[in-house]
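Note that this note's numbering numbers the sequence shown so that position 120 is 708, with each residue one more than the last.
We put the beta carbon where it would ideally sit given N, CA and C, even for glycine.
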Amino acid sequence: MTNPLRRLVALALTLIATPALAEPPVQWSIAIHGGAGTMSREEMIEEKRAEYEAALQAALDAGAQVLRDGGDAIEAVRTVIVTLEDDPRFNAGRGAVFTWDGTNELDASIMDGRDLSAGAVAAVIGVKNPILLADAVRLDGRHVFLSGKGAEDFAAEYGLESAEPSWFATEPRLRALERFKAGKVSAIDVDLKYGTVGAVALDSAGNLAAGTSTGGTTGKRWGRIGDSPVIGAGTYADNRSCAVSATGEGEYFIRVGVARQICNRVQMAGEDVQTAADAVIGEVGALGGEGGVIVMAPDGEAVFAFNTSGMYRGRADSKGTSEVAIFAGE
Ligand code: ASP
Numbered sequence: 589m590t591n592p593l594r595r596l597v598a599l600a601l602t603l604i605a606t607p608a609l610a611e612p613p614v615q616w617s618i619a620i621h622g623g624a625g626t627m628s629r630e631e632m633i634e635e636k637r638a639e640y641e642a643a644l645q646a647a648l649d650a651g652a653q654v655l656r657d658g659g660d661a662i663e664a665v666r667t668v669i670v671t672l673e674d675d676p677r678f679n680a681g682r683g684a685v686f687t688w689d690g691t692n693e694l695d696a697s698i699m700d701g702r703d704l705s706a707g708a709v710a711a712v713i714g715v716k717n718p719i720l721l722a723d724a725v726r727l728d729g730r731h732v733f734l735s736g737k738g739a740e741d742f743a744a745e746y747g748l749e750s751a752e753p754s755w756f757a758t759e760p761r762l763r764a765l766e767r768f769k770a771g772k773v774s775a776i777d778v779d780l781k782y783g784t785v786g787a788v789a790l791d792s793a794g795n796l797a798a799g800t801s802t803g804g805t806t807g808k809r810w811g812r813i814g815d816s817p818v819i820g821a822g823t824y825a826d827n828r829s830c831a832v833s834a835t836g837e838g839e840y841f842i843r844v845g846v847a848r849q850i851c852n853r854v855q856m857a858g859e860d861v862q863t864a865a866d867a868v869i870g871e872v873g874a875l876g877g878e879g880g881v882i883v884m885a886p887d888g889e890a891v892f893a894f895n896t897s898g899m900y901r902g903r904a905d906s907k908g909t910s911e912v913a914i915f916a917g918e
């Protein structure tokens with residue numbers, strides 16, 4: 589063999605003998621949602637679609653930046669949710685749906701997977717960012733779940749920012765209430781397509797967190813509370829299994845105990861997060877309920893599962909993934 593040929597053969601043999609480099613593990617990962625529901629590709633005009641995608645991307649970027657800078661998962665979850673609460677397009681904080689009585693009553697919860705600390709608030713009026721109130725309850729540690737006037741007093745004691753009713757109230761939501769009261773459309777049709785918001789995250793220290801915030805369902809009455817502020821139904825995080833945030837018809841999600849159920853399957857049955865999420869959303873569907881979840885595994889795998897035609901969603905990680913989507917199959 590000539591010299592160059594010998595060198596080429598030697599190089600080829602070295603390449604064959606070298607084991608493929610193992611992919612580096614994900615350092616951090618985040619997934620978000622802005623509600624699941626009935627949406628049709630045909631009816632969603634390009635402009636509107638672009639607007640929602642940009643809003644999701646902005647929230648995703650804000651959360652990813654926290655994690656990139658070495659911030660913890662709980663901080664990333666808070667950051668995403670505050671961004672979406674302040675965005676009137678989503679049914680949380682500003683832009684929340686109206687109750688039967690014409691108020692905006694807000695529910696939120698947050699959980700830290702490293703110590704299972706959790707905070708939740710329900711039927712709160714006038715607190716600008718309910719997720720920050722839920723987190724204050726978590727950090728305070730004396731209680732997990734506060735509601736109504738008591739939660740509002742707690743917010744005042746902690747100096748959380750309040751806002752006038754006009755901050756939360758938006759025209760499209762008011763019209764949705766009118767349509768609902770006129771019996772022209774069900775709460776599901778008017779709500780779920782512009783739903784609840786949530787986030788799950790894994791930080792570079794290996795900790796998981798989850799949070800969810802909502803105005804609930806249009807025309808809700810009698811102090812109705814959905815799954816979003818219920819730890820174990822709408823939100824759950826445990827470093828040993830997974831982090832979950834849900835959106836959909838809260839009554840079904842509470843009955844199935846969706847978030848905790850998914851983590852249980854991962855922890856006890858050793859299922860991967862996609863299998864567990866699909867199975868539990870299947871249970872919701874079997875009861876007649878609609879909605880979806882975002883789930884984060886301890887290794888940074890972020891998955892979605894929903895039985896509706898769409899879910900506003902996005903995910904990003906330290907390997908360069910950064911994507912948002914709306915319809916099923918995207
Ligand atoms: N799950 C929320 C509730 O039932 C609604 C939603 O996700 O859009 O209050």
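Helix, strand or coil at residue i [DSSP, three-state]
i      : result
Glu911 : strand
Ile633 : coil
Met627 : coil
Leu796 : strand
Leu780 : Residue placement at Leu780 cannot be trusted, given a pLDDT of 48 that sits under 50; what the coordinates show is reported in the next sentence. Leu780 falls in the helix class under three-state DSSP.
Ala610 : coil
Ser754 : helix
Val846 : helix
Val732 : coil
Gly803 : coil
Ala619 : strand
Val773 : coil
Trp688 : coil
Start-to-end residues for the alpha helix (DSSP H) that takes in residue i
i      : result
Asp700 : Looking at the DSSP string, Asp700 is not in any alpha helix (DSSP H); the run it does join, the beta strand (DSSP E), is 694 to 700.
Thr671 : 661 to 673
Asp905 : Asp905 -> not in any alpha helix (DSSP H); beta strand (DSSP E) instead, spanning 898 to 905.
Leu727 : 718 to 728
Gly736 : 736 to 745
Gly873 : 861 to 875
Arg677 : Note, Arg677: premise wrong, no alpha helix (DSSP H); not H, not E.
Glu766 : 759 to 769
Proximal residues to residue i (C-beta, below 8 Å), its chain only, five neighbours per side dropped
i      : result
Glu740 : Val712, Ile713, Gly714, Val715
Ser628 : Ser897
Val854 : Ser829, Cys830, Asp860, Val861, Ala864, Ala885
Leu648 : Ile618, Ile620, Val668, Gly902, Arg903, Ala904, Ser910, Val912
Thr691 : Ile713, Pro753
Residues that residue i bridges to, as DSSP identifies them
i      : result
Tyr824 : Val832
Phe894 : Gly880
Glu813 : Looking at the sequence itself, residue 813 is Ile, so the reference to Glu does not match. In the DSSP output, where bridge partners are listed per residue, Ile813 has none listed.
Val715 : Ser750
Same chain, Cβ closer than 7 Å to residue i, five either side skipped, listed in chain order
i      : result
Tyr900 : His621, Gly622, Gly623, Tyr640, Leu644, Ile914
Glu611 : none
Val773 : Arg767
Glu889 : Val861
Trp614 : Sequence check: residue 614 is Val here, not Trp. Asp887, Gly888, Asp905, Ser906, Lys907, listed in sequence order.
Ile842 : Asp815, Val818, Ala821
Thr667 : Ala650, Gly651, Val654
Check: residue i C-beta below 7 Å from any heavy atom of the ligand ASP
i      : result
Gly651 : no
Thr896 : no
Phe686 : no
Asn679 : yes
Gly814 : yes
Glu837 : yes
Thr863 : no
Gly623 : yes
Same chain, Cβ closer than 6 Å to residue i, five either side skipped, listed in chain order
i      : result
Gly917 : none
Ser792 : Gln615, Trp616
Thr758 : Pro676, Gly683
Ile662 : Asp700, Ala797
Val881 : Val832, Ala834, Ala865, Ala893
Ser910 : Ala904
Thr687 : Glu693, Lys808
Where the beta strand (DSSP E) containing residue i begins and where it ends
i      : result
Val712 : 705 to 712
Leu790 : 785 to 790
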